[in-house]
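J.: This structure is in structure tokens; I'll ask about it shortly.
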Amino acid sequence: MADPIIIAVPKGRILAEAVPLLERAGIVPEAAFRDEDSRALRFSTNTPGIDLIRVRAFDVATFVAHGAAQLGIVGSDVLAEFDYSELYAPVDLGIGHCRLSVAEPADMAAHDDPRGWSHVRVATKYPHVTEAHFARRGVSAECVKLNGAMELAPLLGLAPRIVDLVSSGRTLKENGLVEVEVICEVTSRLIVNRAAFKTRGHVVPLVEAFRRAVSSPLPLAGGAGGGPETSKAAA
1 MADPIIIAVP KGRILAEAVP LLERAGIVPE AAFRDEDSRA LRFSTNTPGI
51 DLIRVRAFDV ATFVAHGAAQ LGIVGSDVLA EFDYSELYAP VDLGIGHCRL
101 SVAEPADMAA HDDPRGWSHV RVATKYPHVT EAHFARRGVS AECVKLNGAM
151 ELAPLLGLAP RIVDLVSSGR TLKENGLVEV EVICEVTSRL IVNRAAFKTR
201 GHVVPLVEAF RRAVSSPLPL AGGAGGGPET SKAAA
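By the UniProt record's numbering, the letter at position 28 of the sequence shown is numbered 28, and the numbering carries on one by one without gaps.
And the structure:
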């Protein structure tokens, strides 16, 4: 029996948006997949030849790039940060809308002008993207790598500014921070391991199923029951 196709999906806020998209592509996860309190990491689907894994967003790209998973759903922010040559991102899934922004304390922003910066010290989990962004502007960036709780950095004197994902802006506001510059808009993409795309015959039909799912507001014909796209992919 051939090894199953593994699709890596991120934990957290994207999960709720990803499940309907998966279902429109004809991939219905087992019930436990929706339970964020579940300790399980690998899940079956309605299609015997397709399994899902649920991992941290930053790890999705790594699993797919190294071939442990053949496809994945990940933000364009992660793709920009890692820039894996092994990854192909054929479909913008149109979910997970947010932006990667520079933020600083509101009292600092009141008399600050980003156009006058020559050197910045920034706390972020995106050092590559941050340095590249400021380099294009001729600004020297000193990045302090953090993996979370970014908003604490200015409050505790670790770094006066942060670069982080912003959606509603509520977390920034509650910690006395404001956006002063948007680096890029972010959406989630379908990513594919390049080698798997060329050698695993079931991968291409799956990519096409996702492409159709994005363009269709309704479930694909026969999707929940293993319709043409999933049957062909797992045959």
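Even glycine gets a Cβ: it sits at the ideal position worked out from N, Cα and C.
Buried or exposed for G75, going by 16 or more other Cβ atoms inside 10 Å?
T.: Buried, since its Cβ has 16 or more Cβ neighbours within 10 Å.
J.: So, at 7 Å on beta carbons, what are the nonlocal neighbours of A123 in its own chain, with the 5 sequence-adjacent residues on each side left out?
T.: Excluding sequence neighbours, A123 sits near V144, L146, M150, A153, L158, A159 and I162.
J.: Return the Cβ separation of R39 and P10 in integer angstroms, given the expectation that the two are a contact with Cβ distance under 8 Å.
T.: Not a contact, Cβ separation roughly 17 Å.
J.: For R200, which three-state DSSP category applies?
T.: If DSSP states are grouped into helix, strand and coil, R200 belongs with coil.
J.: Going by C-alpha distance, which of V139, G67 and L100 is nearest E185?
T.: Minimum Cα distance to E185 is reached at L100.
J.: How big is the Cα-Cα spacing for R200 and A80?
T.: Cα to Cα, R200 sits roughly 26 Å from A80.
J.: Pick helix, strand or coil for P149, following the three-state DSSP scheme.
T.: According to the sequence provided, residue 149 is Ala. The question's Pro does not apply to it. Note: A149 maps to coil in three-state DSSP.
J.: Please state the DSSP three-state secondary structure of E169.
T.: A quick correction: the sequence has Gly, not Glu, at residue 169. Coil, per DSSP.
J.: Note down, in chain order, each residue of its chain lying with its Cβ closer than 8 Å to the Cβ of V204, except the 5 sequence neighbours on either side.
T.: Contacts found: F197.
J.: Looking at the unbroken beta strand (DSSP E) that takes in E36, where does it start and where does it end?
T.: It is not in any beta strand (DSSP E) - E36 carries neither H nor E in the DSSP assignment.
J.: Pull up the distance between the alpha-carbon of R189 and that of A18, whole angstroms please.
T.: In a straight line, the C-alpha of R189 is about 11 Å away from that of A18.
J.: DSSP three-state label for R212, please.
T.: Of the three classes helix, strand and coil, the one that applies to R212 here is helix, per DSSP.
J.: Need the endpoints of the alpha helix (DSSP H) that I14 sits in, please.
T.: Note, I14: alpha helix (DSSP H), I14 to R24.
J.: Three Cβ pairs or more, each shorter than 8 Å: is that satisfied between the segment 168–187 and the segment 101–113?
T.: In short, these stretches touch, since the Cβ pair count reaches three.
J.: How big is the Cα-Cα spacing for P90 and V120?
T.: Rounded to the nearest angstrom, the two C-alpha atoms are 35 Å apart.
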